[in-house]
Amino acid sequence: MGNKQPLSVLVVIYRLDGHVLLLERADRPGFWQSVTGSLEGDETFAQAAAREVAEETGILSPPPDDWDRVNRYEIYPHWRHRYPPGVTHNEEHVFGLEVGRDIAVRLAPGEHLDWCWLPWRDAAERVFSPSNAEALRQLPERMAGRMRACGR
4 MGNKQPLSVL
14 VVIYRLDGHV
24 LLLERADRPG
34 FWQSVTGSLE
44 GDETFAQAAA
54 REVAEETGIL
64 SPPPDDWDRV
74 NRYEIYPHWR
84 HRYPPGVTHN
94 EEHVFGLEVG
104 RDIAVRLAPG
114 EHLDWCWLPW
124 RDAAERVFSP
134 SNAEALRQLP
144 ERMAGRMRAC
154 GR
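In our numbering, the protein residues as written are 4 to 155.
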């Protein structure tokens, strides 16, 4: 059994044209997702979000925007071995990161096989995780609020 914490982040990386970055998992080909990862040590959720973005995509950024959304879900049985014995549920904190159209993506070797930019609706249909799909469906509202707050 592993020692992974059942506390994680989900980071929706998006562009102003409504396209989002998806990554294909190496350990489950055909499983597409946004950036995800568990907390390490005593880091905060914001620190974990920035670290996971850098590790999985090579994108260096300040901490992504906290969407003040927390999902609690049952951990898929095929991944439970990564957690301490008896752990069956995870708490996932959702973040968003706006990037420019020309941002370079560099995948983490061994963690992901491929990446793509898709319109948010198509991305919501492609991801395997229901909580990831729901976060993607919230993107238009989040983008509108961010644009209002920034005076765009």
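In this text, a Cβ means the ideal position worked out from N, Cα and C, and glycines have one as well. Since the structure is predicted, the reported quantities are computational estimates derived from the model, not experimental observations.
Rounded to the nearest angstrom, the gap between the Cα atoms of A107 and A57 is 11 Å. Remark: three or more beta-carbon pairs, one from each stretch, lie closer than 8 Å, so the segment 120 to 130 and the segment 14 to 25 are flagged as touching. Within the same chain, V12 and L42 come within 6 Å of A51 by CB-CB distance, once the 5 residues on both sides are set aside. Taking a contact as a CB-CB distance under 8 Å, the pair E55 and V14 counts as one, their CB atoms being some 6 Å apart.
Here F98 carries a strand assignment [DSSP, helix/strand/coil].
In the three-state reduction of the DSSP assignment, P143 falls in the helix class, which pools H, G and I.
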